[in-house]
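Participant:
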Amino acid sequence: MANEAVQTTPTQMSVGEEIMIQMNDVHKWYGQFHVLKNIQLTVHKGERIVICGPSGSGKSTLIRCINRLEEHQRGQIIVEGTELTGDLKHIEQVRREVGMVFQHFNLFPHLTVLDNLTLGPIWVRKMAKAEAEESAMKYLERVKIPEQAQKYPGQLSGGQQQRVAIARSLCMNPKIMLFDEPTSALDPEMIKEVLDVMIELAQSGITMICVTHEMGFAKTVANRVIFMDGGEIIEENEPEEFFNNPVNDRTKLFLSQILHH
Amino acid sequence: MANTTEAAATYAVGQHPDLAPPASTVGVVGWLRANLFSSWVNTLLTLASLWLLYIVIPPLLNWVIFDADWTGESREDCSRVGACWVFIKVWFKQLMYGRYPDQELWRINTAYALLAGAGVLLFIPKFRWKHWVGVFLLLVYPVIAFQLFVGGDITFSAVNLLLFGLIVAGGVIRFVPALQSKPWMGTFGKVYPLAVAVVLLWWLFGPSLAAFSIGSFEFIETPLWGGLFLTLVIAVVGIVASLPIGILLALGRRSEMPIIKAICIAFIELWRGVPLITVLFMASVMFPLFLPEGMNFDKLLRALIGVMLFSAAYMAEVVRGGLQAIPKGQYEAAEAIGLSYWKMMGLVVLPQALKLVIPGIVNTFIGLFKDTTLVLIIGLFDFLGMAQLAGTNPDWLGFAVEGYVFTALGFWVFCFGMSRYSQHLERKLHTGH
């Protein structure tokens, strides 16, 4: 746990009225395996949600459904007023507004860092190249690695790669950011540099959903923590309540396992 | 051993300087010891190899160079002790160009020179307009080469070339958003489909309108084409066409759309499952039987299409191998930033997949290049076919070996060139570190 990494002072992070993501009775199966069960989730503008739970609990699948990397088979997912169905137009529209950061970075190894960042703006947002590069450099500065712009991802450390991946998502100017275990594949000494960037991002007021086991991060920036197990949302609460007074037995067990090892 | 303990004792801890390695492990002596004489078995093998080289190389050199006949005009000038290169000299024009008329050979040579010039530009590292050379080679050059090789009205070709260029340039501007920096380009993009329609109409009805002419080349029918020239035409067309078709087939085979997938699998398995000879026979003998009376395609064109589709099926499987090596995360990251299927494939997946399978692609190219010799069986005389024809000429019976050695060298030069170029490309595209 990188608890000491998150000693920044929490600033005022307001949660708006506007609903960004609405999930109603969402179910998903992998073959016979019922991986998501009756997911009810409403995310407001500016919310910072941390999802935790044991592996195989469906937390990654849940956020991957939000930008349709996974297809749900029952229920309704509405992102920014657009319902996710088989319609490609809807899917592409949602993906333009939702950024995603992966556990294994998934940078494009054949492109330089700068080209990784400008690919989306140029080809999806149809931005002019010079403008895209200017904005990319701005985001590289925000994640504190502008000097790496001309390098290839293979030349960077894991932490640097993940920061590039965050910058790549931000370049699309998304309204919602999804993080799928962004620090799980990193060496301990690199977790802090990535978490620092994420904390700064959270304080900027962007809506974010983060699957992570970094409980220090959850305490610092989350306004809601969700615990999942067996494909269901077992418990959700404000971080303070969630960590100090968990209600469900499974939550208590999970917390005791990850906080006191 | 005493030496090491002494050295260790001489230096204080942490102060040990870098010393030169022992003389027996570096330099010529070290290399010989490590590679040729590392054990008594290896020493024996080395000596045996040297003996083998000794009995093979000198006679070979004598035949090829020292005892060979280099000057003369006819068979009487051959001493028959070594190779008679007079044979190659006499038949050289046929080996290179087939029966293409003498006074028109400049047309082939011009096309070669253009190709070589463009190739040289591509090899200059600092040259900044390489992509325009690529555009020229892929889009303009084929039209020029076609006009030169086949002949016909220049005006019509020139107008076509211009229109074709406009369509392509317009398409690039229309579909590459990064280029739409000026407002007129956006407007152009909107009227583009209309422009394409007009040009297509011209192509359909244009020939009857072409009343004026600035001159024309003599029409040279394809049975006169031959030698290395024919080999290069078939190989280059096959190579250039098989890659894009193969890529489309590979993508289709991995498609989630069942009908497209089924069509691609059927195509690949069908073409890959029959020998090239069968394909060529079909194209040459069977295909015309199915055509309506009076309708006929050129035999070379039929062979070209056969070779093209045949190698595309192979290429598809090579490319599919590359596609399978791209991790799922790359697709997901591309989708997550909102790229559509074709942009994801063109910008993220294919550049990586094709780079991975460069050795396989070049392998297929080299195989195709040599397989072109099979066109001999449908009566087209390529490089090897011409050598064989020359060897069976009554005046030159008994000189087939010289012909084979010469063509073998010719093929080797091209294949080795492709191999070296692919290695150069692999190094250049390496970003893994």
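Quick note, the sequences are listed as chains A and B, same order. Be aware that the first sequence starts at 1, since it is given in my numbering, and climbs by one per residue. Be aware that the second sequence starts at 1001, since it is given in my numbering, and climbs by one per residue. Ideal Cβ positions, reconstructed from N, Cα and C, are used throughout, including at glycine. Everything numeric in this text was worked out from a predicted model, so none of it was measured.
CB-CB under 7 angstroms to residue 147(A), same chain, minus the five flanking residues each way: which ones, in chain order?
Facilitator: Once the five neighbours on either side are set aside, residue 147(A) has no close Cβ partner at all.
Participant: Which residues in the same chain as residue 1347(B) place their Cβ atom closer than 8 angstroms to its Cβ, once the five residues preceding and following it in sequence are excluded?
Facilitator: Here the set comprises 1334 and 1339.
Participant: Give me the Cα-Cα distance between residue 63(A) and residue 178(A), rounded to the nearest whole angstrom.
Facilitator: Those two C-alpha atoms are separated by around 7 angstroms.
Participant: Could you check if residue 1097(B) is buried or exposed, using at least 16 other CB atoms within 10 Å of its CB as the buried criterion?
Facilitator: With 16 or more Cβ atoms within 10 Å of its Cβ, residue 1097(B) is classed as buried.
Participant: What does the Cβ neighbour count give for residue 1057(B), buried or exposed, with the cut at 16 atoms within 10 Å?
Facilitator: Residue 1057(B) should be labelled exposed.
Participant: Taking only the alpha-carbon atoms, compute the straight-line gap between residue 34(A) and residue 56(A) and give it to the nearest angstrom.
Facilitator: Taking the straight line joining both Cα atoms gives about 11 angstroms.
Participant: At the level of alpha carbons, what is the spacing between residue 1233(B) and residue 1312(B)?
Facilitator: Cα-Cα distance, rounded: 17 angstroms.
Participant: Answer with yes or no whether the minimum CB distance from residue 108(A) to chain B is below 8 angstroms.
Facilitator: Yes, because at least one Cβ of chain B sits closer than 8 angstroms to the Cβ of residue 108(A).
Participant: Strictly under 8 angstroms for the Cβ-Cβ distance: is residue 30(A) near chain B by that measure?
Facilitator: Chain B, which has no Cβ nearer than 8 angstroms to the Cβ of residue 30(A), makes this no.
Participant: Distance, Cα to Cα, residue 1434(B) vs residue 1376(B)?
Facilitator: Since the first residue of chain B shown is 1001 and the last is 1433, residue 1434(B) is not available in this structure.
Participant: Put residue 1242(B) into one of helix, strand or coil per three-state DSSP.
Facilitator: Helix, per DSSP.
Participant: Looking only at C-alpha atoms, which of 1094(B), 1281(B), 1314(B) and 1270(B) sits nearest to residue 1245(B)?
Facilitator: Out of 1094(B), 1281(B), 1314(B) and 1270(B), 1314(B) has the C-alpha closest to the C-alpha of residue 1245(B).
Participant: Using 8 angstroms as the Cβ pair cut-off and three pairs as the minimum, do the segment 147-156 of chain A and the segment 186-205 of chain A touch?
Facilitator: In short, these stretches do not touch, since the Cβ pair count stays below three.
Participant: May I ask you to list, following chain order, the residues of the segment 136-154 of chain A that have a beta carbon less than 7 angstroms from some beta carbon of chain B?
Facilitator: Those would be 152 and 154, in chain order.
Participant: For my contact list, residue 1140(B) and residue 1161(B) are in at a C-beta cut-off of 8 angstroms; report their separation, rounded to the angstrom.
Facilitator: That belief holds up - the Cβ atoms of residue 1140(B) and residue 1161(B) are roughly 7 angstroms apart, short of 8 angstroms.
Participant: With the cut-off set at 8 angstroms, would you say residue 1170(B) and residue 1192(B) are in Cβ contact?
Facilitator: Yes, the Cβ-Cβ distance between residue 1170(B) and residue 1192(B) is below 8 angstroms.
Participant: Quick check: the Cα distance between residue 1059(B) and residue 1286(B), rounded to an integer number of angstroms?
Facilitator: Answer to the nearest angstrom: the Cα atoms are 49 angstroms apart.
Participant: Can you give the Cα-Cα distance for residue 1117(B) and residue 1392(B), rounded to whole angstroms?
Facilitator: Distance between the alpha carbons of residue 1117(B) and residue 1392(B) is about 37 angstroms.
Participant: Pull the bridge partners of residue 1216(B) from the DSSP assignment, please.
Facilitator: Partner(s): 1153(B).
Participant: Tell me the DSSP bridge mates of residue 1098(B)?
Facilitator: In DSSP, residue 1098(B) forms a bridge with 1225(B).
Participant: Is there at least one Cβ from chain B nearer than 8 angstroms to residue 84(A)'s Cβ?
Facilitator: Closer than 8 angstroms: no.
Participant: Using a C-beta cutoff of 8 angstroms, does residue 1337(B) count as contacting chain A?
Facilitator: It does: the Cβ of residue 1337(B) has a partner Cβ on chain A nearer than 8 angstroms.
Participant: Assuming the contact rule is C-beta atoms closer than 8 angstroms, residue 223(A) and residue 235(A) should be a hit. Round their C-beta distance to whole Å, please.
Facilitator: The pair is not a contact, with the Cβ atoms about 15 angstroms apart (cut-off 8 angstroms).
Participant: For a quick check, are the C-beta atoms of residue 20(A) and residue 207(A) less than 8 angstroms apart?
Facilitator: In contact: residue 20(A) and residue 207(A) (Cβ atoms closer than 8 angstroms).
Participant: Just checking: is the beta-carbon of residue 217(A) within a distance shorter than 8 angstroms of some beta-carbon in chain B?
Facilitator: Taking Cβ atoms only, chain B never reaches closer than 8 angstroms to residue 217(A), which makes this a no.
Participant: Would a C-beta distance cut-off of 8 angstroms place residue 1308(B) and residue 1238(B) closer than the cut-off?
Facilitator: Yes, the pair counts as a contact, with Cβ atoms nearer than the cut-off.
Participant: Please report the distance separating the alpha-carbon of residue 113(A) from that of residue 164(A).
Facilitator: Taking the straight line joining both Cα atoms gives about 7 angstroms.
Participant: Using a Cβ cut-off of 8 angstroms (strictly closer), state whether residue 69(A) contacts chain B.
Facilitator: With 8 angstroms as the cut-off, residue 69(A) counts as an interface residue toward chain B.
Participant: Compare the C-alpha of residue 1223(B) against each of 1326(B), 1196(B), 1273(B) and 1299(B) and name the closest.
Facilitator: Checked all of 1326(B), 1196(B), 1273(B) and 1299(B); the closest Cα to residue 1223(B) is 1299(B).
Participant: Note down the Cα distance separating residue 1023(B) from residue 1047(B), rounded to an integer number of angstroms.
Facilitator: The straight-line gap from Cα to Cα measures roughly 24 angstroms.
Participant: Does any C-beta atom of chain B lie closer than 8 angstroms to the C-beta of residue 81(A)?
Facilitator: Chain B contact via Cβ: absent.
Participant: Does the distance from the CB of residue 75(A) to the CB of residue 110(A) come in under 8 angstroms?
Facilitator: Against a cut-off of 8 angstroms, the Cβ pair of residue 110(A) and residue 75(A) comes out as no contact.
Participant: So, does the segment 1275-1289 of chain B touch the segment 1373-1387 of chain B, judging by three or more C-beta pairs under 8 angstroms?
Facilitator: These segments touch.
Participant: Decide if residue 1147(B) is buried, meaning its Cβ has at least 16 other Cβ atoms within 10 Å, or exposed.
Facilitator: The residue in question, residue 1147(B), is buried, as its Cβ has 16 or more Cβ neighbours within 10 Å.
Participant: Quick one: using the 10 Å Cβ neighbour count with 16 as the cut-off for buried, is residue 1386(B) buried or exposed?
Facilitator: It is buried - the Cβ of residue 1386(B) has at least 16 other Cβ atoms within 10 Å.
Participant: If I measure Cβ to Cβ from residue 122(A) and keep anything under 7 angstroms in the same chain, skipping five residues before and after, which residues do I get?
Facilitator: Around residue 122(A): 129 and 132.
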